[in-house]
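Colleague: Per the working numbering, the sequence shown starts with residue 36, numbered consecutively. Sharing a structure below in C-alpha cells format, with a few things to ask.
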Amino acid sequence: MNLLRYIFSPLWKIWFALSFIIPFLILFPLFYFCFLTKNADLAFSLKRVWAKIILYSSFLFPVIKYKSKKIKLPKPCIIVSNHTSYLDIVLSPLYIDHTAVYMAKAELLKIPLFKYFFVYLDIPVNRKSVKDSHKAFIEAGKKIDQGQSVVIYPEGTISSHGKLKPFKNGAFKLAIEKQVPIVPVANLNNWQFLQNGGFFKSNGRPGIPKIIVGDIIETQNLNETNIEELKQKVFTFVKQELENYHGKQN
C-alpha cells in the first residue's frame with residue numbers, strides 16, 4: 036500500500052500541476068486584461084472558473100456545508116480560515132459569492148506570469164518584515180473601503196498535518212477597525228488531498244475536500260479591547276469543527 040501511494044501520489048501531483056498551469060495559461064490573456072483595466076470583479080469570476088477546472092479535472096469534489104444555514108456573505112467582510120493546504124485557496128471561490136482579495140505570501144510574486152495580476156488583484160505579504168506586514172494590512176483596509184472582501188489565514192503559514200496553530204491578531208484588528216463582519220471557515224481535510232511538504236513524502240490524491248462555513252460574526256460596537264475575545268471566538272469555532280471531524284487530536 037505504501038509503495039502504491041509512493042508511486043501514485045507524485046503522479047497525481049503532476050496531473051494536478053498540469054490542471055493548474057494549463058487553464059491558467061489559457062485564461063492568462065483575460066487575467067492580464069483585468070490587470071490592465073483593474074477589473075477585480077471579472078478577475079474573481081475568472082478565479083472561480085479556474086478553480087472549478089482545477090478541482091474537477093483533478094477528481095476533487097468538494098462538499099461545502101454551512102454551520103446553521105446557507106448564507107449570503109456580507110459585502111464587504113473578512114473571511115478567516117485555518118490554512119492546511121494550497122487547496123484552501125483554490126476551494127475558496129466556491130463559497131465566496133462576491134469579489135474578494137487574498138492576503139498571501141509574497142513568494143508568489145516569484146512565479147512567472149502569476150505575479151502580473153497578483154500584485155494588483157491580491158495583497159502580497161512579506162511576513163518576515165513587520166513594516167511590510169503593516170503595509171499589507173493598510174492595503175487590505177483600502178480594499179475593504181472599496182467594497183471588496185478580504186481572505187486572511189491568521190495562522191500565517193500552512194499546517195502540513197492540519198493541526199491548528201495559534202492565530203495572529205491582524206485579521207481581527209482589521210475587522211474591528213473597519214467595523215466589518217467576519218465569516219469563519221473551517222477547512223476540515225484539504226491537507227489529506229494536497230499536503231504541504233516533500234514531493235514524494237506528502238499526500239496527493241483525489242477525493243472529497245470538506246469545508247464548514249460558520250455563522251457571520253458582527254463587529255459593530257467592538258473596539259481594540261475586544262480583539263482577543265473576537266480571535267478566540269473564531270479560533271474556537273475552527274477548533275471545534277476540526278475536533279468534530281477528526282476527533283480531539285487537534
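Glycine is no exception: its CB is placed at the ideal position from the N, C-alpha and C atoms. From a predicted model like this one, the values you see are computed outputs, not experimental measurements.
Inspect the beta-carbon positions of V136 and L108 and report whether they are closer than 8 Å.
Modeller: Not in contact: V136 and L108 (Cβ atoms no closer than 8 Å).
Colleague: Note down, in chain order, each residue of its chain lying with its Cβ closer than 6 Å to the Cβ of S237, except the 5 sequence neighbours on either side.
Modeller: Here the set comprises Q230.
Colleague: From what residue to what residue does the alpha helix (DSSP H) around V125 run?
Modeller: First-last of the alpha helix (DSSP H) with V125: 122-126.
Colleague: Please confirm whether K203 and G191 have their CB atoms less than 8 Å apart.
Modeller: It is a contact, given that the beta carbons lie within the stated cut-off.
Colleague: Anyone know if the C-beta pair for P97 and L126 falls short of 8 Å?
Modeller: Contact: yes.
Colleague: Are I79 and P241 touching if we call contact CB-CB under 8 Å?
Modeller: Ile is not the amino acid found at residue 79; the sequence shown has Phe there. Result no, Cβ atoms of F79 and P241 do not sit closer than 8 Å.
Colleague: Nearest to H281 by alpha carbon, out of F66, Q227, G239?
Modeller: Answer by Cα proximity: Q227.
Colleague: Start and end of the alpha helix (DSSP H) containing N279?
Modeller: It spans 262-281 - the alpha helix (DSSP H) in which N279 sits, taken as one unbroken run.
Colleague: Report the rounded CA-to-CA distance for K82 versus A139, giving the unit in angstroms.
Modeller: Between K82 and A139, the C-alpha separation is close to 15 Å.
Colleague: Find the nearest neighbour of L65 within the set V84, W50, W47, judged by alpha-carbon distance.
Modeller: The residue with the shortest Cα to Cα distance from L65 is V84.
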